[in-house]
Every structure is written in C-alpha cells, then in structure tokens.
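Trainee: So the sequence shown is residues 300 to 438, counted in the working numbering.
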Amino acid sequence: MGNTSTWIAVVDDEEGIRRSLLRLLRSAGLEAHAFVSGKVFLGSLESRQPACVLLDLHMLDMSGFAVIAQLAQIAPELPVVILTGQEVSEKQRNADLAHALAVLQKPVDDQELFAAITSALIKKDKQPLYHSTNPVIAK
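In structure tokens:
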C-alpha cells in the first residue's frame, strides 16, 4: 500500500456533487481530490492513500457497496463516510456498511459532514487539518 497522507478522497459519479464537495472541503482548508468512479479510486490506492474517503453508494461502474467491500480487504484501517441520496436499511448499515464510519443522507449537512471527517481523522490518529473560525466548521 502506498503512502498515507492527510487528504480527503471524494468518490462520486455525479460531477456537480464532486465539485460542490471539493469546494466545501477546500474552503475549510482541507486537501481533497475527486474520483469519478470506485474503480478509479481503488486503482489510485497503490500510489497514495487518503486519510478519509467520502463515498457515494450508488454509482454506475461500481457501487459504493462493492468499493467498501474491497476497502475492508485491502485497507481496513481507512475511514469511510458514506454519502447517499437513498434510504439505507438497518440491515445494510449493519452488514454491507459495517466498515463505514458514518452514513450521511444527501444533501449532506455541512456540520454533520465535518463532524464525520473529524471523527475519521481522529480514528486515523491524524491532527485536525484546519483551524477554522467559520462557526459551521469550528464546532
């Protein structure tokens, strides 16, 4: 596995959502990189591993369920935050998404997202990447 550095991976097949998340994360002083598919993201892990993954569940080429199953095998320590526009059953949360640190509904609340990212970074024994005076982010 490649080097771990302090950056956030955004994996979503919808360009508007990727752009919006990148803008939000970067405005908070976070380094973030976007991936158009689960396959592209998984292929990138050999060279560089993120501190946290924001992962859409419903993508065309490879579902988020498949990505998280692969991550559980190849990078079980990598914190994953699921972002989904669809309901997730309790059974799915307990079985298919057991590796996920959080499951957030789209449109995601900024405070919830930053709280999940902070938890992920703490889990990875990382220091916070930012010190913000923005009340949404600083909480």
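Beta carbons are placed, not taken as given, at the ideal position from N, Cα and C, and that holds for glycine.
For the stretch 366-383 against the stretch 394-403, are there 3 or more C-beta pairs whose distance is under 8 Å?
Mentor: They touch, by the three-pair rule.
Trainee: Three or more C-beta pairs closer than 8 Å, one from the stretch 306-313 and one from the stretch 330-337: is that the case here?
Mentor: With a cut-off of 8 Å, the stretch 330-337 and the stretch 306-313 count as touching, because enough Cβ pairs lie within range.
Trainee: Per DSSP, which one or two residues make a beta bridge with I307?
Mentor: Its beta-bridge partners are A331, C351.
Trainee: Does DSSP classify L396 as helix, strand or coil?
Mentor: L396 falls in the coil class under three-state DSSP.
Trainee: Leaving out five residues on either side along the sequence, give the residues of the same chain with a beta carbon under 8 Å from the beta carbon of Q385.
Mentor: Taken in chain order, the residues that qualify are L356, H357.
Trainee: So, A419 versus A374, is the Cβ gap smaller than 8 Å?
Mentor: Contact flag unset, no.
Trainee: What are the start and end residues of the alpha helix (DSSP H) that includes L420?
Mentor: Looking at the DSSP string, the run of the alpha helix (DSSP H) that includes L420 is 409-422.
Trainee: What does the Cβ neighbour count give for Q372, buried or exposed, with the cut at 16 atoms within 10 Å?
Mentor: Q372 should be labelled exposed.
Trainee: Rounded to the nearest angstrom, what separates A331 and V366 at their Cα positions?
Mentor: Near 19 Å, if we compare the C-alpha coordinates of V366 and A331.
Trainee: Alpha carbon to alpha carbon, how far is F413 from Q348?
Mentor: Spanning the two alpha carbons is a distance of roughly 20 Å.
Trainee: Does the distance from the CB of F354 to the CB of G363 come in under 8 Å?
Mentor: Per the sequence shown, the amino acid found at residue 354 is Leu instead of Phe. Closer than 8 Å, so yes.
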